[in-house]
Structures are given as structure tokens and as C-alpha cells.
Amino acid sequence: MHDTIKIKNISNNKSSLSIEWNDGEKSNFNFLWLRDNCPSDIHPTARERQFNLKDVSENIKPESFNLENNKKIKIKWSEGNHVSLYDIGWLRRHCYTINNNKEYVSPYKLWDKNLSQNFEKITAEYEEVMETEEGLIKWLEKLHHYGICIVKNTVTSKNSGFEILKRISHTRQTFFGTPFEVINIPNPNNQAYTAKGLFNHTDLPYFESAPGYQFLHCLVNDATGGNSSMVDAFKVADYFKKNDKEVFKTLVETSVKFTNNDYTQETIRIGHSPLINLNKDNDYNDIRFSVAQMGVLDCAPDVVEKFYKSYQKFAKLLHSKEYLVEFKLEKGDLFCFNNRRVVHGRTEFNPNSGHRHLQGYYIDRDEILGRMNYLKKMEL
Ligand SMILES: [Fe+2]
218 MHDTIKIKNI
228 SNNKSSLSIE
238 WNDGEKSNFN
248 FLWLRDNCPS
258 DIHPTARERQ
268 FNLKDVSENI
278 KPESFNLENN
288 KKIKIKWSEG
298 NHVSLYDIGW
308 LRRHCYTINN
318 NKEYVSPYKL
328 WDKNLSQNFE
338 KITAEYEEVM
348 ETEEGLIKWL
358 EKLHHYGICI
368 VKNTVTSKNS
378 GFEILKRISH
388 TRQTFFGTPF
398 EVINIPNPNN
408 QAYTAKGLFN
418 HTDLPYFESA
428 PGYQFLHCLV
438 NDATGGNSSM
448 VDAFKVADYF
458 KKNDKEVFKT
468 LVETSVKFTN
478 NDYTQETIRI
488 GHSPLINLNK
498 DNDYNDIRFS
508 VAQMGVLDCA
518 PDVVEKFYKS
528 YQKFAKLLHS
538 KEYLVEFKLE
548 KGDLFCFNNR
558 RVVHGRTEFN
568 PNSGHRHLQG
578 YYIDRDEILG
588 RMNYLKKMEL
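According to my numbering, the stretch in the sequence shown is residues 218 to 597, in order.
Pasting the structure below:
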């Protein structure tokens with residue numbers, strides 16, 4: 218579209234330039250916005266702004282402006298003896314009037330138990346991810362849209378998860394080490410390191426920024442039991458948004474305490490957050506949920522009962538069969554999921570019946586999105 222886009226008319230509208238485009242759309246570009254975004258002030262290799270708004274007054278305006286070959290707008294500014302040249306395609310792409318009038322489309326494809334019938338939507342092949350850019354993009358897209366992907370047939374030597382994760386970026390370190398070993402051990406410092414079943418949860422909710430994505434690499438899984446479970450907590454949140462607005466409001470507005478007092482560490486970690494967080498578009502940003510790591514509730518007395526009733530309803534649906542997808546990890550599977558969206562758990566396994574060893578890694582969400590944007594050649 219931007220190759221054929223032309224400007225029909227430009228006028229000075231007191232504090233902005235008004236533009237009429239040849240497809241009938243209209244834009245207003247505020248003078249301070251234009252001056253701040255002058256392309257000549259971007260460092261050529263650092264790709265960062267060097268201009269600082271403090272160096273002009275709030276009354277800066279064009280002394281003159283003109284359209285050059287319907288490709289660039291040239292502005293001579295009233296201050297600083299400065300001339301700016303803007304590519305009209307760039308202006309159109311960044312028009313905040315047009316962009317803010319567009320209807321928001323969520324990138325999230327919400328799912329429930331029926332995803333069990335469509336596993337091909339959330340699987341990828343190791344070789345394709347390792348060998349092709351297309352395979353890598355598909356993996357990242359599944360993670361972004363569904364919040365989950367199982368990479369099949371990976372190499373299963375110890376720490377080999379690093380090889381495939383390097384296709385994305387560096388891992389996120391935590392005090393559990395990288396990778397962390399999900400095995401049954403004596404005196405565990407986390408319930409994951411037992412053979413017991415685990416309620417559905419997000420990991421590390423007591424961190425200010427909980428790890429964005431988790432990767433569980435199945436090296437061996439011969440033991441009886443130990444099925445993995447997952448629920449799309451965005452989908453569950455969406456149920457309340459549509460059907461029980463009071464519960465939704467309470468879960469979005471009540472900040473609650475999560476704690477960790479790991480006996481192998483000399484730290485006490487405390488973090489507060491609502492269970493459901495929204496982004497600037499009122500879409501889901503993240504979920505924090507862990508009955509194990511919820512601290513002693515310290516919110517205001519008039520909120521306690523309302524919160525607890527909402528929390529209980531949320532907990533029930535996060536373990537309900539309507540939303541649950543259960544499966545058994547196979548040797549060579551890399552189970553990847555958005556740790557701030559998908560709650561995960563497992564059924565009990567019998568450690569005397571065989572071996573079960575997963576190695577776990579985290580990668581921040583910034584790395585997943587940043588890599589995907591780069592590979593898909595997103596224009597800034
Ligand atoms: Fe976990």
C-alpha cells in the first residue's frame with residue numbers, strides 16, 4: 218500500500234501539519250512530535266535518537282514546509298536552524314491518528330480442552346527449527362499466538378537444550394540454575410523436585426518480572442504417571458471477563474503477595490501483583506498463579522472476602538476439565554510455554570517404575586518477541 222500512497226494536500230493547523238492522503242485518510246502530525254522524530258537526529262549505527270526535546274521551546278513550528286516529488290516532506294524549523302526531511306511512507310506508517318482508529322486485534326489464539334484434538338497446531342520438528350529460518354519463525358509464532366509449542370525429536374544428551382534455545386537468544390538465569398533439573402530428589406527445595414502431582418501454576422510469581430517462557434526438555438520419561446497438564450489462563454480470564462465481571466475486576470485490581478524462602482538460598486523474596494494483568498490495549502498481559510507460592514494475604518480488610526471468593530473461582534477453572542489439556546511428554550520433546558499465560562502442572566509419578574528427568578530453561582518474553590520481529594523484518 219505504501220508504494221502507491223501519495224499526499225493530496227498539506228496545511229498548517231496551528232500546532233500540527235494536517236495531511237490529506239490520496240486514499241481519503243487524514244493525518245495530523247504535532248510539531249513537537251515531528252521535531253522529536255526528525256530522522257537526521259538518529260545515530261546511524263546506534264539507531265538511537267540523539268536529539269533532546271529540552272533544546273527547543275514548546276512553540277517550535279515550521280518556518281516553511283513543502284512536499285518534494287510526493288516522496289518527502291521538507292520542514293525548515295523556526296528554531297535551531299534545522300531542516301527535517303520525512304519520508305511520506307514512514308509518516309503514513311507511523312500516523313498515530315490512523316493507527317489509533319484501527320480496531321485492536323489480539324495476537325492470542327485462546328484455547329481450551331479441544332486443543333487436544335489439534336496438537337499439530339502446537340508442535341514443531343527439531344530439525345526444521347534448527348535448519349530453516351521458516352521453521353524457527355513457525356516455532357516462535359506458535360509460542361506467541363498459542364503460548365505453547367512442543368518441539369519433537371530433539372537431541373536428548375544432557376544440556377543439549379541450549380543448542381536449540383540459542384536459535385532464539387540467551388537464557389534467563391535464576392537461583393535454580395540453568396538448566397534446572399526436574400527430578401525426584403531428597404529434601405527438595407521445590408515441589409517440582411518430588412514425584413508428587415503438581416497443581417497448575419506459573420513459575421516464580423514472586424519475581425518482579427517472572428520468566429516469560431519456560432522450556433522443559435524431556436531426556437527420559439519411563440516412569441508410570443507424570444502426565445503434563447496445561448491450561449490457557451488467558452482463556453479462563455476471558456471467561457470471567459465475559460461472564461462474571463465482578464470476579465474479573467477483583468482479580469485485575471487486587472494486588473496479592475507471593476513469597477519464596479528457599480532453604481538453599483540466603484534470600485527472602487516477596488513480590489506483589491494482581492493475578493491478572495492487562496496491557497495498554499486492555500488485552501491480557503500476564504497471569505500469576507501458584508497456590509504453593511502465594512504468600513499470606515495482606516490486602517485491605519474490605520477486599521479479603523471478595524478476593525478469596527474470586528480467587529477460588531479462578532482456581533477451580535484453572536484446574537477444570539473444560540480447559541485442561543493433558544499429555545505425556547516423550548523422550549526428545551521440548552515442552553515450551555508462555556510462563557505468564559499458560560499454567561502447567563503434572564500428575565504424580567511412580568519413581569520406582571522408571572526414570573523421569575526433565576531439564577528446564579527460561580527465556581524472557583522480550584527475547585521471543587524481539588527475535589520474531591527481527592526474523593519477520595518488522596519495520597520500526
Ligand atoms: Fe513449574
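Just so you know, even glycine gets a beta-carbon here, dropped at the ideal spot from N, CA and C.
- Under the rule that a run must span 4 or more residues, the alpha helix (DSSP H) segments found entirely inside the region 490-545 read 518-534.
- About 15 angstroms separates the Cβ atoms of Phe506 and Leu495, ruling out a contact at the 8 angstroms cut-off.
- At a threshold of 6 angstroms, Asp420 counts as near ligand 1, since its beta carbon sits closer than that to one of the ligand's heavy atoms.
- Distance between Asn502 and Phe246, taken at the CA atoms: about 30 angstroms.
- The criterion of a C-beta distance shorter than 7 angstroms is satisfied by Cys366 and Ile339.
- In the three-state reduction of the DSSP assignment, Gln482 falls in the coil class, being assigned neither a helical nor a strand state.
- Annotation for Glu463: no beta strand (DSSP E) segment contains it, though the alpha helix (DSSP H) segment containing it runs 462-470.
- Counting C-beta atoms within 10 angstroms of its own C-beta, His561 has 16 or more neighbours from the protein chains shown and is therefore classed as buried.
- Taking Ser244 as the centre and dropping the five residues before and after it, the same chain places the C-beta of Ile236, Cys312, Thr314 closer than 6 angstroms to its C-beta, in chain order.
- Distances from the CA of Asp500 to each of Ile585, Ala427, Val521, Ser323 were compared; the closest alpha carbon is that of Ser323.
- DSSP lists no bridge partner for Thr221.
- Remark: C-beta atoms of Pro428 and Arg389 approach each other more closely than 7 angstroms.
- Asp498 is the residue among Pro405, Pro568, Asp498, Gly587 whose C-alpha sits nearest the C-alpha of Asn317.
- Listed in chain order, the alpha helix (DSSP H) runs fully inside the region 267-324 are 305-310, 313-318, counting runs of at least 4 residues.
- Cβ neighbours of Gln408 within its own chain (closer than 7 angstroms, five residues either side excluded): Leu415, Ala509.
- Scanning the region 336-369 from its first residue to its last, the whole beta strand (DSSP E) runs of 3-plus residues come out as 340-342, 365-369.
- The shortest C-alpha to C-alpha distance from Lys291 to any of Phe268, Cys255, Gln431 is the one to Cys255.
- Counting only residues of its own chain and dropping the five nearest sequence neighbours on each side, Asp581 has a CB closer than 7 angstroms to the CB of Arg389, Pro428, Gly429.
- With a minimum length of 3 residues, the unbroken runs of beta strand (DSSP E) contained wholly in the region 387-442 fall at 397-399, 415-418, 430-438.
- Contact fails between the region 389-403 and the region 586-597, because fewer than three Cβ pairs, one in each stretch, are under 8 angstroms apart.
- In the structure shown, the three-state DSSP call for Arg588 is helix.
- Boundaries of the alpha helix (DSSP H) harbouring Trp250: 248-253, taken from the DSSP string.
- Close CB contacts of Ala450 within its chain, under the 7 angstroms cut and outside five residues either way in sequence, are with Ile504, Phe506, Leu535, Arg558, Val559, Val560 (chain order).
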